[in-house]
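Data block below; observations after.
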Amino acid sequence: MNLETVHIERYGPLTTSIDFDPGINVIYGPNESGKTLLVDALLWMLVEDTSEDRIGQRPFGYVTIDEGAGSYRLDDGETLLDWYKSSVGIELSSATFRDTFVIRSADATLTDEDRYYDRATDVVAESLVADIRRLRSTVAKRGRITSGSGRLWNRQRDGYIKDLRDQARTLRDRLREFIDEQRDVGVPKTRAGLLEARHEQSRLTEEAETLEAANERSRLDELAATRSTLEAMVDERESIPDAEVLNELRNSVKDALKVRSELSRLEHRQTEAAKRGRRLSLGTIAVALVALAIGGVAFATLGVSLASLTGLGLLILLAAAMPAGLAIYYSRVVDGIEGLIRRLEEQREVAFVEAARCGFEVDTLDDLAAMIEDRVHQRRHLEGDISRLRGQLEAELSVSGDSIDELLERTQEELTKQRSTIPTDVAKTYDETRHMEVLNRLEELDELTASLETELETYRDQLRRHFEKVKGIEFEKIGINPPETEVESLDGLDVAVDRLSALIARIERDADNARAAMAALTELEVTERSAVEELFFGTESRVSEYFARITDRRYRSVHYDPEAETIEVELQEGTLLAPEQLSQSTFDQLYFAVRLAFAQALLDDEPGIFILDDAFLAADADRFNRQATVLSDLEAVDWQVLYFTAKRHDRQLLEDNFGATVHELSQIESSAD
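Residues in the sequence shown are numbered from 190 upward in steps of one, following the working numbering.
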């Protein structure tokens with residue numbers, strides 16, 4: 190039975206209508222929103238309790254309850270107590286309902302509680318006597334057996350407990366066979382091989398790193414040698430005049446050699462001119478003789494005439510002019526030779542002075558020219574080698590410099606830096622053959638470990654498939670925690686086998702216990718009063734269990750002495766405390782545990798309604814959570830909880846952690862809150 194709807198048209202300033210859900214309902218609102226008025230109205234409309242009436246008149250409205258098969262509206266003065274009597278056969282007074290099923294922060298007190306305990310236990314005892322069969326049914330339910338034959342349930346509405354046990358037993362036996370088989374076929378050997386291979390991998394990886402360090406050291410040594418070679422080449426280049434000086438000196442020598450060549454040419458011309466002069470002189474004499482002969486012949490034959498005289502004169506003049514022209518030409522050649530000799534001497538002096546400055550010690554222009562070409566060729570080769578070595582150092586050491594000196598300095602710094610990262614015990618010589626052997630073996634080990642891991646993964650797949658079957662077992666139905674969500678080893682599967690064994694044992698033990706309890710029900714009739722008191726306040730009582738749970742097992746049990754009319758709580762170490770010795774929050778927990786146990790007992794474990802008005806105000810977050818967990822347990826057995834609160838934290842926790850339905854009240858202009 191659940192409260193389905195409360196509709197209040199008017200109760201003082203309060204007007205509201207709420208449709209409640211089964212389970213936990215949170216009625217949340219700030220102060221002055223009418224929560225207290227709503228509790229008062231509910232009590233009046235449900236059980237006609239007016240002890241907390243703040244308005245002075247009956248609320249206008251109605252309530253409906255859910256009977257399971259449909260809704261039932263309480264009309265014409267009918268109360269929830271009337272419904273309990275007619276539908277369930279339980280008689281309760283409005284005071285008993287208020288004192289048991291309603292808990293308010295303001296009325297959590299044990300004043301006059303002793304007489305309440307006496308009255309309540311009387312009611313429960315009478316109920317037990319009248320409904321012994323019902324108790325047998327409850328015991329049978331807890332043992333998951335039929336109340337008649339005592340056999341395990343095996344029907345749809347009860348969950349096929351016998352089939353569950355048989356399924357767990359069959360699966361457990363198959364898992365044991367699989368575990369034995371796997372241990373026989375060599376799974377441990379495969380694992381050992383994998384561990385050994387990984388160990389060798391680790392060792393060879395370390396050796397490879399050492400060899401790589403030796404290789405690096407060798408490389409750095411080579412780079413250091415390259416740097417030294419570069420430095421020597423730079424020094425050698427410094428000993429050779431630079432290209433501009435060599436080019437100027439080469440040009441000076443070329444000019445001198447050019448002058449010398451010209452001088453040689455003129456000297457040759459001088460020699461040729463002398464030869465032609467001699468030949469010309471002889472020719473001139475011959476011409477003169479010819480002229481005279483011709484003149485004599487002409488004079489003898491022709492006589493003297495102007496034409497003959499003129500021709501003869503010209504012939505004689507020609508013979509005289511030829512030596513004169515030759516003399517002029519010869520004079521000019523001589524002058525040119527003398528000028529070239531002076532220029533040659535000047536340029537030769539300049540060239541040898543510059544050569545001396547460059548450190549060239551030679552005697553002739555030809556030797557000087559050859560030396561210059563040799564130095565130019567040497568410098569060109571040095572420049573190429575220096576550029577090549579510089580590029581090599583820059584590329585392999587990632588350094589640069591604006592000048593060669595700066596590059597050499599940074600190269601030395603980088604070599605020192607990189608050498609500092611190499612362990613001092615690394616061999617100075619690099620064994621390339623051993624390095625290749627190590628790398629090849631590491632490749633083989635990679636293939637081996639991959640193969641072994643594949644074998645193990647196949648084995649794990651088998652484990653997972655078996656465990657999927659384990660996850661299909663409904664452990665929670667029997668109150669057994671299932672195994673972990675994944676199994677990666679035979680040991681993990683052993684745990685699953687143990688859980689299956691525990692489930693089987695729990696089913697059979699609970700059934701055996703239930704059968705024994707059912708056999709003892711007759712004795713309960715004889716000792717019913719003491720049994721009821723033990724049920725509520727003994728070490729194994731419901732009150733003690735609730736109180737131990739919500740105090741995190743700090744307290745062991747709750748005891749009540751009907752003769753002395755006193756109640757006491759027992760700590761785990763055995764110390765007994767009276768309620769007035771408890772803190773307010775612990776006192777509230779005791780009050781809650783007692784009310785909870787009595788409420789369930791009064792209804793003979795029929796579902797009911799629990800109304801709590803800020804009942805856990807003194808509880809911290811941890812205590813509140815444990816008490817809320819107990820409320821969740823009530824929900825699990827079809828009880829309905831109405832929890833009134835103004836605390837956002839309480840509302841949020843119940844909603845988020847326990848799936849409570851929240852109903853929010855708006856602030857009203859005037860209320861008794």
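Glycine residues also receive a C-beta, built at the ideal position from the N, C-alpha and C atoms.
I756 lies in the beta strand (DSSP E); which residues open and close that run?
T755 to L760
Should F249 be labelled buried (16 or more other beta-carbon atoms within 10 Å of its own) or exposed?
exposed
Reducing DSSP to helix, strand and coil, say where R564 ends up.
helix
Considering Cα atoms alone, identify which of A790, I611 and S589 is closest to Q601.
S589
For R537, is the classification buried or exposed, using 16 other Cβ atoms within 10 angstroms of its Cβ as the cut-off for buried?
buried
Can you check whether the CB of F209 is closer than 8 Å to the CB of Q829?
yes
Of the residues E193, R199 and T204, which one's Cα is nearest the Cα of S868?
Past the edges of the chain, shown from 190 to 862, lies residue 868, and the structure says nothing about it.
Across which residues does DSSP place D255 in a beta bridge pair?
N191 and S260
Alpha carbon to alpha carbon, what distance is there between D591 and R188?
Since the displayed the chain opens at 190 and closes at 862, residue 188 lies outside it and no answer follows.
List the endpoints of the continuous beta strand (DSSP E) containing F833.
Q829 to T834
Along the chain, which unbroken stretches of the beta strand (DSSP E) at least 3 residues long are found entirely within the region 194 to 226?
203 to 208 and 213 to 217
Which value, in whole angstroms, describes the spacing of the CA atoms of R380 and S678?
11 Å
What do you reckon, are the CB atoms on R695 and I662 nearer than 8 Å?
no
Would you call M234 buried or exposed, if buried means 16 or more other Cβ atoms sit within 10 Å of its Cβ?
buried
When the distance is taken between beta carbons, is I350 closer than 8 Å to N343?
yes
Express the C-alpha separation of E198 and A691 in angstroms, rounding to a whole number.
56 Å
For H655, the nearest candidate out of V684, Q789 and F813 (CA to CA):
V684
I want to know whether the region 433 to 448 touches the region 542 to 562 - three or more CB-CB distances under 8 Å.
yes
Measuring straight from C-alpha to C-alpha, what distance separates I213 and F736?
20 Å
With DSSP as the reference, identify every bridge partner of Y648, one or two as the case may be.
Looking at the DSSP assignment, Y648 forms no beta bridge with any residue, so it has no partner.
Rounded to whole angstroms, what is the Cα-Cα separation between A258 and P211?
14 Å
Can you confirm whether the region 627 to 635 touches the region 323 to 332 when touching is taken to mean that 3 or more C-beta pairs between the two stretches lie within less than 8 Å?
no
Which of the three DSSP states is assigned to F799 in this structure?
strand
Are the beta-carbon atoms belonging to E218 and E853 less than 8 Å from one another?
As written in the sequence, residue 218 is Gly, which differs from the Glu given in the question. It is a contact, given that the beta carbons lie within the stated cut-off.
Within a Cβ cutoff of 8 Å, which residues of the same chain sit near E621, ignoring the five residues on either side of it in sequence?
N404
Give the secondary structure of V277 by DSSP, where H, G and I count as helix, E and B as strand, and everything else as coil.
helix
Any chance the region 268 to 276 sits against the region 221 to 231, with 3 or more Cβ pairs inside 8 Å?
no
Going by beta-carbon coordinates alone, are A413 and L604 separated by less than 8 Å?
yes
Taking only the alpha-carbon atoms, compute the straight-line gap between F367 and E280 and give it to the nearest angstrom.
60 Å
Option in E636, Q773, A810 and V819 with minimal Cα separation from Q789
V819
Determine whether the beta carbon atoms of I798 and L192 lie at a separation below 8 Å.
yes
Quick check on the DSSP output: the alpha helix (DSSP H) that includes T850 runs from which residue to which?
Looking at the DSSP string, T850 is not in any alpha helix (DSSP H); the run it does join, the beta strand (DSSP E), is T850 to E853.
Which residues mark the beginning and the end of the alpha helix (DSSP H) in which R131 is found?
With the chain covering 190 to 862 only, the question about residue 131 has no answer from this structure.
On the DSSP bridge assignment, give the partners of R293 in chain order.
D802
Taking the alpha-carbon positions, what's the T327 to Y648 distance?
46 Å
Going straight from the alpha carbon of R244 to that of Y200, what length do you get?
Inspection of the sequence shows that residue 244 is occupied by Ile rather than by Arg. Taking the straight line joining both Cα atoms gives about 7 Å.
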